[in-house]
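J.:
Numbering (the working numbering), first residue to last: 273 to 391.
#1: What does the Cβ neighbour count give for residue 367, buried or exposed, with the cut at 16 atoms within 10 Å?
#2: Touching or not, the region 368-378 and the region 335-354, by the rule of three or more beta carbon pairs under 8 Å?
#3: Please work out which residues of its chain come closer than 8 Å, Cβ to Cβ, to residue 343, disregarding the five sequence neighbours upstream and downstream, and give them in chain order.
#4: Just to confirm before moving on: does the CB-CB distance between residue 356 and residue 365 stay below 7 Å?
#5: What's the gap between the Cα of residue 358 and the Cα of residue 346?
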């Protein structure tokens, strides 16, 4: 299980935050499977703190990401999550890397536009 998780969901290009922190991102080409609804119902991602809207608070989000990385980068339980929407589709993809930048997991989730806005 991973410790503190920071979601970088507002970035359009996967890996942007990870690249800015100089954490390499290796594309994952493993077999993909669908998560059962029972499992998805147990996944919880905390909302982004107030005043962190991606369009209006870009510098704050960058500073927060750098500060969190500085504080937790050597903790082996830390994972980073990066999410991106598929253009023109009701789906998002998420990638999880460990504190060394090794891919831990990834998934794509079909969802409604209303739910995507809450990510």
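The beta-carbon is built from N, C-alpha and C at its ideal position, and this holds for glycine as well.
T.: So, to answer that:
#1: By 1-based counting over the chain shown, the position of residue 367 is 95. Residue 367 should be labelled buried.
#2: yes
#3: For the purposes of this step, residue 343 is taken as residue 71 along the chain shown, with counting starting at 1. Nothing meets the Cβ criterion.
#4: For the purposes of this step, residue 356 is taken as residue 84 along the chain shown, with counting starting at 1. For the purposes of this step, residue 365 is taken as residue 93 along the chain shown, with counting starting at 1. Their beta carbons are under 7 Å apart, which means residue 356 touches residue 365 by this criterion.
#5: What you label residue 358 is simply residue 86 of the chain shown in a count that begins at 1. What you label residue 346 is simply residue 74 of the chain shown in a count that begins at 1. About 32 Å.
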